[in-house]
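Per our numbering, the very first residue in the sequence shown carries number 19; after that it's consecutive. Even for Gly, the Cβ is constructed at its ideal location relative to N, Cα and C.
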Amino acid sequence: TVEFNNVHSVSEMPEDDDAKHSSYPRMFLEPQEKKRSMKALVVKRAKKTCSCTPAKVKDCVFSLLPVLQWLPKYKLKEYLLGDVMSGVIVGILLVPQSIAYSLLAGQEPIYGLYTSFFASIIYFIFGTSRHISVGIFGVLCLMVGQVVDREVQRAGYDLEPAALRAHADAVNTTISLVNQTSHHPFCDKSCYAITVGATMTFIAGVYQVAMGFFQVGFVSVYLSDSLLSGFVTGASFTILTSQAKYLLGLDIPRSSGIGSFVTTWISIFRNIHKTNFCDLITSLLCFLVLIPTKELNEHFKSRLKAPIPVELAVIVVATLASHFGKLRETYGSSVAGHIPTGFLPPRPPDWNLIPSVALDALPIAIIGFAITVSLSEMFAKKHGYTVKANQEMYAIGFCNIIPSFFHCFTTSAALAKTLVKESTGCRTQVSGLLTALVILLVLLVIAPLFYSLQKCVLAVITIVNLRGALRKFKDLPKMWHLSKVDTVIWLVTMASSALISTEIGLLVGVCFSMLCVIFRTQRPEAPLLGWVAESETYESLSAYKNLQTKPGIVVFRFEAPLYYINKECFKSTLYKQTGVNPVWVKAAKKKAAKRMLREKEVNSGGKLTSISVELVSEPLGFHTIVIDCCAMQFLDTAGIRALKEVCKDYREIEVQVLLAQCNPSVRSSLIRGEFFKEGEDHLLFHSVHQAVDFALGAQEHNRSCASK
19 TVEFNNVHSV SEMPEDDDAK HSSYPRMFLE PQEKKRSMKA LVVKRAKKTC
69 SCTPAKVKDC VFSLLPVLQW LPKYKLKEYL LGDVMSGVIV GILLVPQSIA
119 YSLLAGQEPI YGLYTSFFAS IIYFIFGTSR HISVGIFGVL CLMVGQVVDR
169 EVQRAGYDLE PAALRAHADA VNTTISLVNQ TSHHPFCDKS CYAITVGATM
219 TFIAGVYQVA MGFFQVGFVS VYLSDSLLSG FVTGASFTIL TSQAKYLLGL
269 DIPRSSGIGS FVTTWISIFR NIHKTNFCDL ITSLLCFLVL IPTKELNEHF
319 KSRLKAPIPV ELAVIVVATL ASHFGKLRET YGSSVAGHIP TGFLPPRPPD
369 WNLIPSVALD ALPIAIIGFA ITVSLSEMFA KKHGYTVKAN QEMYAIGFCN
419 IIPSFFHCFT TSAALAKTLV KESTGCRTQV SGLLTALVIL LVLLVIAPLF
469 YSLQKCVLAV ITIVNLRGAL RKFKDLPKMW HLSKVDTVIW LVTMASSALI
519 STEIGLLVGV CFSMLCVIFR TQRPEAPLLG WVAESETYES LSAYKNLQTK
569 PGIVVFRFEA PLYYINKECF KSTLYKQTGV NPVWVKAAKK KAAKRMLREK
619 EVNSGGKLTS ISVELVSEPL GFHTIVIDCC AMQFLDTAGI RALKEVCKDY
669 REIEVQVLLA QCNPSVRSSL IRGEFFKEGE DHLLFHSVHQ AVDFALGAQE
719 HNRSCASK
């Protein structure tokens with residue numbers, strides 16, 4: 019039973035004059051008894067989980083395949099036009115980006131088209147969001163590409179002469195595409211690269227499905243908005259760096275691992291004299307067309323029914339110019355090469371590669387599902403429906419597992435395409451199905467026509483699409499004004515992702531953000547409080563003017579949990595704010611008492627003795643400390659011990675300590691930690707105002723007793 023005399027106390031307060039000064043009634047609270055034991059609860063949940071009824075089977079099927087729920091209710095007249103328009107437009111935009119991002123992932127262009135095609139269909143079946151577009155995402159492509167380059171180099175494919183790679187016969191390329199296994203004699207560098215990419219995609223998908231099954235989506239809460247934004251911006255610098263060699267037409271190996279950003283730029287400047295001016299001029303022309311048109315699309319997006327598909331137009335014009343101008347034969351420009359039509363036969367991932375790429379797949383899986391879940395929840399909230407976070411993890415996991423058997427690499431939701439879908443009237447994931455049909459048309463008919471497309475054009479498309487991430491620098495002053503800690507997290511994550519590596523940058527960002535949380539609780543705000551006149555409110559004296567203090571009472575608030583990391587900070591700050599360290603006061607009294615005894619021996623009854631007595635009995639400026647515990651979310655054993663020590667030390671110098679506004683968790687910790695003992699009155703109050711009134715009443719009562 020917890021007793022209130024406007025106070026909680028475990029020990030009963032005696033019915034004497036010491037309790038009568040409180041003007042508040044005595045109350046008792048009894049904690050709720052648990053209706054079921056833990057064993058009974060576990061048994062009940064196990065029975066519910068293991069039971070199998072037709073209704074439960076139906077619910078499981080509908081939960082796993084949301085398309086069975088919403089597709090029969092599809093409103094043809096209301097939804098079809100918007101879905102068709104948005105699906106076709108996104109499909110047109112996805113074609114050039116899929117081809118461009120394939121280079122970033124270290125793959126042939128055809129594999130980017132495969133990836134976008136299968137991801138759109140599978141999310142149509144398993145996804146719960148009506149608006150997000152699932153496909154190729156630049157940061158994930160970069161992370162895949164870094165692992166692919168590492169494994170390809172380990173396998174010795176980079177030892178192949180550049181001339182042989184550039185002039186590989188189209189027939190041999192087709193044969194290598196069909197024979198997708200790293201141990202096959204016909205498997206060349208491109209086929210081994212997609213084997214590595216598909217294997218890592220499979221493992222990432224398994225991780226995501228496992229996260230959904232075990233409901234560990236909470237992992238994403240450690241990826242704050244500032245951390246993700248800084249990571250994407252830092253990765254964007256790495257993406258830009260990896261594409262710079264294509265802009266200049268340089269044939270240099272792709273750097274990977276720690277410090278690849280710096281080593282790549284060193285390699286570029288060392289080979290700058292080998293620049294292919296045809297590729298450089300083409301890149302500049304593409305920039306001059308793409309950047310202004312993209313800006314116009316954004317500026318007039320409210321007036322345009324659909325964005326201008328400038329990327330597709332640039333690809334078509336550049337392909338025609340390269341083909342008829344014979345830029346590859348005349349100037350040695352690097353081109354996309356043969357892109358086969360149709361689909362390759364499915365093949366399983368290379369199980370022998372799993373130990374090499376399993377660890378690399380983990381951050382890819384976490385980033386993929388964090389972005390997908392956050393985007394789906396954002397658009398669901400905007401349009402007034404709900405999504406299931408665990409089902410979204412299943413959906414994005416299957417978008418990686420199933421396509422990995424069809425020569426695809428990792429996918430996730432993409433913000434830019436999702437915004438296009440929303441702005442062009444998307445209502446359901448039928449738009450995703452139509453996007454897949456557009457890509458299918460390219461795969462079956464149009465793909466070989468891109469043979470003469472220069473790689474520098476694809477690099478320009480990739481770099482132009484980084485504008486959104488790079489623009490985050492403009493938001494830094496506003497972010498700094500809102501939260502300096504978030505800004506520092508952004509800068510640290512961005513710098514480490516760009517200068518060290520993407521994976522290490524993400525880890526550094528997570529660790530640094532957690533350290534920031536710990537540091538905030540290690541050195542929290544701990545102000546003295548003052549009374550707002552004509553109210554029961556107490557606020558910080560350092561933050562507000564015209565606050566009043568009660569004579570002889572100090573009100574102190576500690577704005578953090580009290581645990582082992584900050585217990586010493588709690589005590590030192592309390593001593594500093596009150597101006598009285600009870601340990602020092604006790605030590606000074608003992609020292610003065612010893613000095614007084616010595617003086618009595620030397621000069622009994624002398625003048626010095628009376629001065630020493632005054633020293634010992636020097637009064638303090640207050641008689642009560644009220645600790646406002648409203649910001650203490652929890653206590654650990656070290657925190658309870660610190661509170662006990664503070665109460666004991668101040669009691670020994672005749673200062674009482676009262677606790678106010680303790681939440682149930684803190685009260686429970688105090689009871690379990692035996693904070694309340696027989697013969698000790700540790701008082702807990704509902705509010706600071708009640709604690710102050712209690713202290714004033716007690717002081718008045720003591721004065722009246724002393725006068726009698």
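For the candidate residues the options, whose alpha-carbon lies nearest to that of residue i?
i      : options                        : result
Ala678 : Gln651, Gly355, Ala709, Tyr668 : Ala709
Ile140 : Gln171, Ala413, Val157         : Ala413
Leu524 : Lys400, Pro358, Thr511, Pro367 : Thr511
Ala378 : Ala660, Val75, Arg168, Val307  : As written in the sequence, residue 378 is Asp, which differs from the Ala given in the question. The shortest C-alpha separation from Asp378 is found at Arg168.
Lys406 : Leu86, Gly130, Gly145          : Gly145
Leu478 : Met532, Gly267, Ser687, Ile518 : In the sequence on display, residue 478 carries Val and not Leu. It is Gly267.
Ile583 : Ser351, Gly527, Phe652, Ala551 : Phe652
Lys292 : Ser351, Leu314, Phe255         : Ser351
Pro421 : Ala118, Val75, Glu692, Ile154  : Ile154
Val166 : Leu298, Pro127, Thr133, Ser208 : Ser208
Ile333 : Leu322, Leu308, Phe318         : Leu308
Ser560 : Pro72, Arg63, Gly548           : Gly548
Leu546 : Phe537, Tyr556, Thr539         : Tyr556
Lys490 : Ala253, Ile107, Asp654, Cys665 : Ala253
Thr300 : Thr591, Ser340, Val503, Ala118 : Ser340
Leu455 : Ile107, Leu380, Val644         : Ile107
Leu533 : Val503, Ala544, Ser553, Arg172 : Val503
Gly639 : Thr567, Ala58, Ala73, Glu395   : Thr567
Between residue i and the rest of its own chain, which residues show a CB-CB distance below 8 angstroms, the 5 nearest in sequence each way excluded?
i      : result
Phe397 : Ser147, Arg148, His149, Ile150, Thr436, Glu440
Thr505 : Ser244, Leu494, Met497, Trp498
Gln717 : Gly570, His641, Thr642
Ile276 : Ile518, Ser519, Ile522
Which same chain residues end up closer than 6 angstroms to residue i when comparing Cβ atoms and leaving out the 5 residues on each side of it in sequence?
i      : result
Met161 : Ile382, Thr520
Ala431 : Ile150, Val152, Ile389, Thr390, Leu393
Pro600 : Asp667, Tyr668, Ile671
Gln261 : Ala477, Thr480, Ile481
Gln87  : Phe80
Ala180 : Residue placement at Ala180 is flagged as unreliable, the pLDDT there being 43, under the threshold of 50; the coordinate-derived value follows with that caveat. Answer for Ala180: Asp269, listed in chain order.
So residue i and residue j are in contact, right, with Cβ under 8 angstroms, and what is the actual spacing, rounded?
i      : j      : result
Ile257 : Leu484 : 6 angstroms
Tyr97  : Val463 : Contact doesn't hold; Cβ gap of about 28 angstroms is too wide.
Leu122 : Thr480 : 6 angstroms
Val214 : Leu371 : 6 angstroms
Gly450 : Val227 : Going by Cβ atoms, the distance from Gly450 to Val227 rounds to 20 angstroms, so no, they are not a contact pair.
Let me know if residue i comes out buried or exposed under the rule of 16 or more other beta-carbons within 10 Å of its beta-carbon.
i      : result
Val706 : buried
Ser320 : exposed
Ala516 : buried
Phe712 : buried
Tyr562 : exposed
Ser683 : exposed
Ala551 : exposed
Ser722 : exposed
Asn418 : buried
Val535 : exposed
Pro367 : buried
Leu182 : In this prediction, Leu182 has a pLDDT of 38, which is less than 50 and means its spatial position is unreliable; what the coordinates show is noted afterwards. Under this definition Leu182 is an exposed residue.
Asp297 : buried
Asp646 : buried
Ile290 : exposed
Asp77  : exposed
Ser104 : buried
Leu580 : buried
Thr453 : buried
Among residues of its own chain, excluding the 5 on either side of residue i, which ones have a beta-carbon nearer than 7 angstroms to its beta-carbon?
i      : result
Pro327 : Ile110, Leu111
Val250 : Val157, Ala487
Val189 : Residue confidence is low: Val189 scores 34 on pLDDT, short of 50, so the model does not pin down where it sits. No coordinate-derived value is stated.
Gln540 : Ile583, Asn584, Cys587
Gln125 : Ala211, Ile212, Gly215, Phe427
Thr259 : Phe279, Thr282, Trp283
Can you find a heavy atom of the ligand NAD that lies under 6 angstroms from the Cβ of residue i?
i     : result
Arg63 : With respect to the ligand NAD, the structure shown offers nothing to examine, as it has no ligands at all.
task = For the stretch 428-482, list the beta strand (DSSP E) runs that are entirely contained and at least 3 residues long, ordered along the chain.
result = none
ask   = Which residue spans inside the stretch 594-619 form an unbroken alpha helix (DSSP H) run of at least 4?
value = If we require 4 residues or more, the stretch 594-619 turns out to have no alpha helix (DSSP H) run fully inside it.
query = Taking only runs of the alpha helix (DSSP H) that begin and end inside the stretch 484-510, which ones reach a length of at least 4 residues, in chain order?
reply = Along the length of the stretch 484-510, whole alpha helix (DSSP H) runs at least 4 residues long occupy 485-488, 494-500, reported in chain order.
Completely contained alpha helix (DSSP H) runs for the stretch 265-334, where each covers 4 or more residues = 278-288, 295-317
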